[in-house]
Each structure stands twice: as C-alpha cells, then as structure tokens.
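Residues 23 to 160 in our numbering are what the sequence shown spells out, letter by letter.
Yeah, the Cβ is synthetic: ideal placement off N, Cα and C, and Gly gets one too.
Owing to the predicted nature of the structure, the values given are computational and were not obtained by experimental measurement.
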Amino acid sequence: MLVGFPLSFCSSIHIGGALCTTSTKRLILLAQLKHALGKHALEEENAIYPAMRQHGLLAESYTLHAEHGYVKQYLYKLTDLVKDNDAFQLKLANFRRDIETHMRDEEHDLFPRLKLALEKADGDYLARRMNQEGLKLA
Numbered sequence: 023m024l025v026g027f028p029l030s031f032c033s034s035i036h037i038g039g040a041l042c043t044t045s046t047k048r049l050i051l052l053a054q055l056k057h058a059l060g061k062h063a064l065e066e067e068n069a070i071y072p073a074m075r076q077h078g079l080l081a082e083s084y085t086l087h088a089e090h091g092y093v094k095q096y097l098y099k100l101t102d103l104v105k106d107n108d109a110f111q112l113k114l115a116n117f118r119r120d121i122e123t124h125m126r127d128e129e130h131d132l133f134p135r136l137k138l139a140l141e142k143a144d145g146d147y148l149a150r151r152m153n154q155e156g157l158k159l160a
C-alpha cells in the first residue's frame with residue numbers, strides 16, 4: 023500500500039553520508055517528505071483504515087492511525103531541528119527506524135489480513151477509493 027512512497031527518502035536527506043549538510047537543503051527535502059507522507063496518510067486514513075475497521079481489524083486500525091500521529095510529531099520536531107545537523111540526523115535516524123517498523127507491520131501482517139477478509143470486488147473498490155483519496159493531494 024506504499025505506492026509511490028519514497029522509502030529511501032531518509033537516506034537522501036543524509037543518514038550516514040554527507041549528502042545534505044545545509045539547513046536549506048534539509049528544509050526542501052523535508053517539505054517533499056511531508057507532502058509524500060501527507061498524501062500517503064490521507065489515502066490510508068480515509069480508505070484503508072476504515073476498511074480494516076469494517077472487516078474486524080478495529081484495534082489494529084486505531085494503532086496504525088495513532089502511529090500516523092507520531093509520524094506528524096517527528097516531522098514537527100525535524101522542522102525545529104533543521105539548523106542543528108547532529109540533532110537532526112539523530113532524530114531522522116529514529117524516525118526512519120520507527121516508520122520502517124510501521125511499514126513492515128502494515129505490509130507483512132495487517133494488509134495481508136485485510137486482503138484475506140475482502141472479496142475481489144471489495145478489493146477493487148478499495149483500491150479505487152485509495153486512489154481517489156490520493157488525487158486530493160496530487
């Protein structure tokens with residue numbers, strides 16, 4: 023479900039390398055990340071998570087939704103740290119770890135369980151709904 027999500031984005035900002043050392047570059051890349059994650063969250067929160075609740079994955083959908091709140095908190099803090107390279111890199115590394123765990127849980131456990139609960143027609147409909155949500159922020 024992470025279609026178009028820049029998984030390597032955190033690396034492009036600069037984890038373990040010297041690719042992005044100026045606060046201006048970090049601000050630009052952070053804005054791109056915020057846009058991509060905002061679009062992604064809108065798709066999931068308005069299409070996927072309601073379908074999960076409808077198909078018996080209530081607690082799981084609430085957990086994922088709460089984790090999106092933590093993503094927003096990370097982005098907020100990263101914006102505050104953009105001028106402090108060391109603190110920014112540390113917070114970014116923690117963010118990457120947490121978001122990769124979130125994505126792994128979705129892709130390898132929760133979304134396959136949802137797919138099993140859906141009929142073929144429901145799956146096609148859900149894909150269309152997700153795409154419609156994503157177009158709102160395209």
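Residue i - containing alpha helix (DSSP H), residue span
i: VAL93; result: 80 to 102
i: ILE15; result: Residue 15 is absent from the model: the chain starts at 23 and stops at 160.
Sequence-distant residues of its chain with Cβ nearer than 7 Å to residue i (five each side left out)
i: LYS158; result: LEU64
Beta-carbon proximity list for residue i, same chain, < 8 Å, skipping 5 on both sides
i: LYS52; result: One detail in the question is off: residue 52 reads as Leu in this sequence, not Lys. Taken in chain order, the residues that qualify are ILE35, LEU97, LEU100, THR101 and VAL104.
Residue i (DSSP reduced to helix, strand or coil)
i: LYS158; result: coil
i: ASP106; result: coil
i: THR44; result: coil
i: HIS77; result: coil
Contacts around residue i, its chain only, beta-carbon distance under 6 Å, and the 5 residues preceding and following it disregarded
i: ARG135; result: none
i: LEU132; result: GLU82
i: LYS56; result: LEU97
C-beta atoms of residue i and residue j nearer than 9 Å
i: GLU122; j: HIS90; result: no
i: ALA139; j: GLY78; result: yes
Mind pulling the beta strand (DSSP E) runs of 3 or more residues that sit fully within the stretch 114 to 140? none
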